[in-house]
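Heads up: the structure comes next, in structure tokens.
There are 2 protein chains.
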Amino acid sequence: MKKGQVTITDLAKELNVSPSTISRALNNSPFISEERKKVIMDLAKKMNYSPNQLALSLLNKRTKILGVVVPEITSYYFSTAINGIQDKVGSSGYKLMISQSNESFEEEIRLMEAMALVRVDGFLISPSSNTTTFDHFEKIKSSGFPLVVFDRDCLGFEADKVVVDDYSGAFQAVEYLVKTGCKRIAHIGGAASLSTTQHRKMGYLDALAKNNVSIVDELIINGEDSSSESGVTCMLSLLNLEVIPDAVFCYNDAIAIGAMSVIRERGIQIPEEISLVGFDDEPYSSYFKPSLTSVWQPIYDLGLLSAKILLDNLMADNESSSYRYEVLKPELMIRESSKKLPI
Amino acid sequence: MKKGQVTITDLAKELNVSPSTISRALNNSPFISEERKKVIMDLAKKMNYSPNQLALSLLNKRTKILGVVVPEITSYYFSTAINGIQDKVGSSGYKLMISQSNESFEEEIRLMEAMALVRVDGFLISPSSNTTTFDHFEKIKSSGFPLVVFDRDCLGFEADKVVVDDYSGAFQAVEYLVKTGCKRIAHIGGAASLSTTQHRKMGYLDALAKNNVSIVDELIINGEDSSSESGVTCMLSLLNLEVIPDAVFCYNDAIAIGAMSVIRERGIQIPEEISLVGFDDEPYSSYFKPSLTSVWQPIYDLGLLSAKILLDNLMADNESSSYRYEVLKPELMIRESSKKLPI
DNA sequence: CTGTTAGCGCTTTCAG
DNA sequence: CTGAAAGCGCTAACAG
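Order-wise, the sequence lines are chains B and V. Just so you know, the first sequence maps onto residues 1 to 343 in full-length UniProt numbering. Just so you know, the second sequence maps onto residues 1 to 343 in full-length UniProt numbering.
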């Protein structure tokens, strides 16, 4: 920030009036003569005056900045959520301070503390996969910051939350696989601590159970993380089984893509021999060969709604008694990597 | 921001000392007795005091916030650059205010003005594809904000800049195609106004010229944008030519992926009948079938270096006379979608 | 209609 | 060593 910024007192001196008069003109208060207002406005423009938000924030105790913390920004998933957030807040004059925790619990704390110091007006948080205690959230909350948790749930922590119904998405996907005749359906999971990992696995298990397909332990693998590399590794071990699966439901598209490359290399046909289903419906997924069946998530809307709830809280500054818990519905996008339903 | 934040005066009242004493203790000034300091520090911790950065910023004329504007956040490319930026500034205590212009010139102006009001300490800008005049940059600069332009060059605007040598990347790629025996090499371009589009096309043209391959107008197509959809459309029209190309150099991977799907659908072999090369080397590109030959860009480093330059400017507050112009080198990643070099 | 005063939270002279 | 006072840029209450 440059020292030479024109201030309200500069204008005041220039015109030999008091700063308050300038202030009134600038905020077009009714208690000022039209001619004076005009003179002042003209001078302000001429001298390239712009109000110092810092001073205003100090006065109003409101920065109009929202703090956003996501695990990683370099993913289609979270960047799309941010997109939704930005589209929502943009029109209301709020700015975003965005940071990524890189899935680190300590970094998440550090970032949130830094944002609290800057006095952001509120927080939009998607917790890191290593966040299992929520003292830092509690602390932020009890300091009076409104806080909305999105995408990843925090069991045991009370707050406004917006999540996707992972369970339902997984259930749909796996039930579809069953209906298309698959009997040995494997699952490659994501990072163990994530609520999404758990919910998707639950959906998988319940879909099998409900459809009387036996649950086979060796067909369930938990990846290290949610990367394509993990997909490669896990798929390799699935293909080393005595009897290989006839379908694989993957935690996400990245894993599915890794798995697909391994399956293809072995000369195994998709979906004839193995059906493959991902999760997230990333933009490229439909361009793969075969195109990937995947569970689409309303992730843009997730961001939008989270931001809306935060803004609502900010407007209605009364402490609302209950928290909102919004669950958005995902949708199965059927493509070539899975078989067609029998007629 | 909650009203109830503990301030330095609260502490002062509590202990019946003056605010300045508290301030001195908190900043461990030498002019204060150890015992007092300890008492104050303890109370501060107990009352959960945290300094108000707003007040400090107002005083120091420094917010320790950097403004970042990118065309879109939902792309692997820019989010990786932001990644680099954040990794660089994180350790230095700077925070990032990030916004996307959505390739809109007006939005870019709006965002930068908003950030200027917040008094960010400096700007990191990658201009939108519709930004062809730079008055807003000049204005920001002349208001005293340091500014670094990255990834997309602005001809006619002087500032610190960090870009990738698109020309060289394109040249490498196309020369490689020539050397592997391709003779009818097509090019699908990106958004016309972008410096990167122009530079990549130049590289393409010069590589052809230098290697005595004739330049055929009908083989050069400018896409509407840089999406896979555009790749589909453009590739379709290339395949409608009397004589189809034996290679396609695409502006980016997204276009190449779209093109690939069309080529495959027609039953044309890649790379035997048509070689395909992209640009950006997105993470999925190596998982496509065939895996995509692409020009890798040091985009993370681009972010890192841009941030470094901005921070350098911020440290050395003297107006340095000359601007830095850094050009990073891309690298061709050869995969299955292009032929092997003859031995 | 306009100027004076006070104060947001903090640091930094300047006097003790 | 410590307190009082001034000021960062701005607004709002209070006198005119």
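Ideal Cβ positions, reconstructed from N, Cα and C, are used throughout, including at glycine. Computed from a predicted structure; not experimentally measured.
Same chain only: Cβ atoms within 6 angstroms of Val68 (chain B), ignoring 5 sequence neighbours per side: In the same chain as Val68 (chain B), and ignoring 5 residues on each side of it, the C-beta atoms closer than 6 angstroms to its own belong to Leu96, Ile98, Leu124, in chain order.
Under 7 angstroms from the C-beta of Arg119 (chain V): neighbouring residues of chain B: Within chain B, the C-beta atoms nearer than 7 angstroms to that of Arg119 (chain V) come from Met1, Asn52, Gln53, Leu54, in chain order.
Opening and closing residue of the alpha helix (DSSP H) in which Glu108 (chain B) lies: Residue range 105-118 is occupied by the alpha helix (DSSP H) that includes Glu108 (chain B).
Chain B contact for Asn252 (chain V) (CB, 8 angstroms cutoff): Not one beta carbon of chain B lies nearer than 8 angstroms to the beta carbon of Asn252 (chain V).
Range of the contiguous alpha helix (DSSP H) that encloses Ile263 (chain B): Looking at the DSSP string, the run of the alpha helix (DSSP H) that includes Ile263 (chain B) is 253-265.
Extent of the continuous beta strand (DSSP E) run through Glu35 (chain V): Looking at the DSSP string, Glu35 (chain V) is not in any beta strand (DSSP E); the run it does join, the alpha helix (DSSP H), is 34-46.
Residue from B:Ser193, B:Ser291, B:Leu241 with nearest C-alpha to residue 370 (chain B): For residue 370 (chain B) there is no data in the structure shown, the boundaries of chain B being 1 and 343.
Chain V within 8 angstroms of Phe249 (chain B), Cβ atoms only: Contact with chain V is absent for Phe249 (chain B), since none of that chain's Cβ atoms lies less than 8 angstroms from the residue's Cβ.
Where Ser195 (chain V) falls: helix, strand or coil (DSSP): DSSP places Ser195 (chain V) in helix when its eight states are reduced to three.
Contact with chain V by Phe137 (chain B), beta-carbon distance below 8 angstroms: It does not: the Cβ of Phe137 (chain B) has no partner Cβ on chain V nearer than 8 angstroms.
Contact set for Met1 (chain V): own chain, Cβ-Cβ below 8 angstroms, skip 5 residues either direction: With a pLDDT of only 43 at Met1 (chain V), under 50, the local geometry of the prediction cannot be trusted, and the value read off the model is given with reservation. Non-local beta-carbon contacts of Met1 (chain V) in its own chain, meaning distances under 8 angstroms to residues more than five positions away in sequence, are absent.
Tyr323 (chain B) classed as buried or exposed, judged by whether at least 16 other C-beta atoms fall within 10 angstroms: Tyr323 (chain B) is exposed by the Cβ-count criterion.
Run of the beta strand (DSSP E) containing Asp280 (chain B), from where it starts to where it stops: Judged by DSSP secondary structure, Asp280 (chain B) falls within the beta strand (DSSP E) whose first and last residues are 275-280.
Contacts that Met97 (chain B) makes with chain V (C-beta to C-beta distance below 9 angstroms): In chain order: Ile65, Lys95, Leu96, Met97, Ile98.
Rounded C-alpha distance that separates Ser33 (chain B) from Val39 (chain B): C-alpha separation (whole angstroms): 10 angstroms.
Rounded separation between Leu147 (chain V) and Asn252 (chain B) - CA only: Looking at the two C-alpha atoms, the distance is approximately 39 angstroms.
Collapsed DSSP secondary structure at Gly181 (chain V) in the structure displayed: Gly181 (chain V) falls in the coil class under three-state DSSP.
Contact the segment 126-136 of chain V vs the segment 150-157 of chain V: 3+ CB pairs below 8 angstroms: Touching, yes.
Pair within 8 angstroms by beta-carbon distance, Gly84 (chain V) and Asp301 (chain V): Between Gly84 (chain V) and Asp301 (chain V), the C-beta gap is smaller than 8 angstroms, which places the two residues in contact.
8 angstroms Cβ cutoff, Lys289 (chain V) in contact with chain B: Residue-level contact check: Lys289 (chain V) touches chain B, since one or more beta carbons of chain B fall below 8 angstroms from its beta carbon.
Anticipated Cβ contact below 8 angstroms, Ser228 (chain B) with Ala191 (chain B), distance rounded: Their Cβ separation, rounded to whole angstroms, is 14 angstroms, which puts Ser228 (chain B) and Ala191 (chain B) out of contact at 8 angstroms.
Pair within 8 angstroms by beta-carbon distance, Phe249 (chain B) and Tyr204 (chain B): In this structure, Tyr204 (chain B) lies closer than 8 angstroms to Phe249 (chain B) by Cβ.
Interface partners of Gln86 (chain B) on chain V, CB under 7 angstroms: Ser99, Gln100, listed in chain order.
8 angstroms contact criterion, which Ser129 (chain B) and Ser193 (chain B) should meet: CB distance rounded: Correct: roughly 5 angstroms between the Cβ atoms.
C-alpha distance - Lys179 (chain B) paired with Ser285 (chain V), whole-angstrom precision: The straight-line gap from Cα to Cα measures roughly 32 angstroms.
6 angstroms Cβ shell around Gly231 (chain B) - same chain, five flanking residues per side excluded: Ile255, Gly258, Ala259.
Beta carbon proximity, Asn83 (chain B) to chain V, threshold 8 angstroms: At least one CB of chain V lies nearer than 8 angstroms to the CB of Asn83 (chain B).
Met202 (chain V) Cβ short of 7 angstroms to the ligand MN heavy atom set: The ligand MN is not part of this structure, which contains no ligands at all.
DSSP three-state assignment for Ser294 (chain V), whether helix, strand or coil: In this structure, Ser294 (chain V) counts as strand in the three-state DSSP scheme.
Under 7 angstroms (Cβ pairs) to chain B, residues found in the segment 216-250 of chain V: Taking 7 angstroms as the Cβ-Cβ cut-off, the segment 216-250 of chain V approaches chain B at Ser228, given in chain order.
Best match in B:Lys210, B:Leu239, B:Thr293 for proximity to Gly267 (chain B) [C-alpha to C-alpha]: It is B:Leu239.
Gly190 (chain B): contacting residues in chain V (beta-carbon distance under 9 angstroms): Neighbours of Gly190 (chain B) on chain V: none; closest Cβ ~16 angstroms, over 9 angstroms.
Arg119 (chain V), buried or exposed, once every other Cβ within 10 Å from all chains shown has been counted against 16: Label assigned to Arg119 (chain V): buried.
Cutoff 7 angstroms; reference Phe279 (chain V); Cβ partners in own chain excluding five residues on either side: Taking C-beta separations shorter than 7 angstroms and ignoring five residues to either side along the sequence, the partners of Phe279 (chain V) in its chain run Gly169, Arg200, Cys250, Tyr251, Asn252, Asp253, Ser294, Val295, following chain order.
Chain B contact for Val69 (chain V) (CB, 8 angstroms cutoff): With 8 angstroms as the cut-off, Val69 (chain V) does not count as an interface residue toward chain B.
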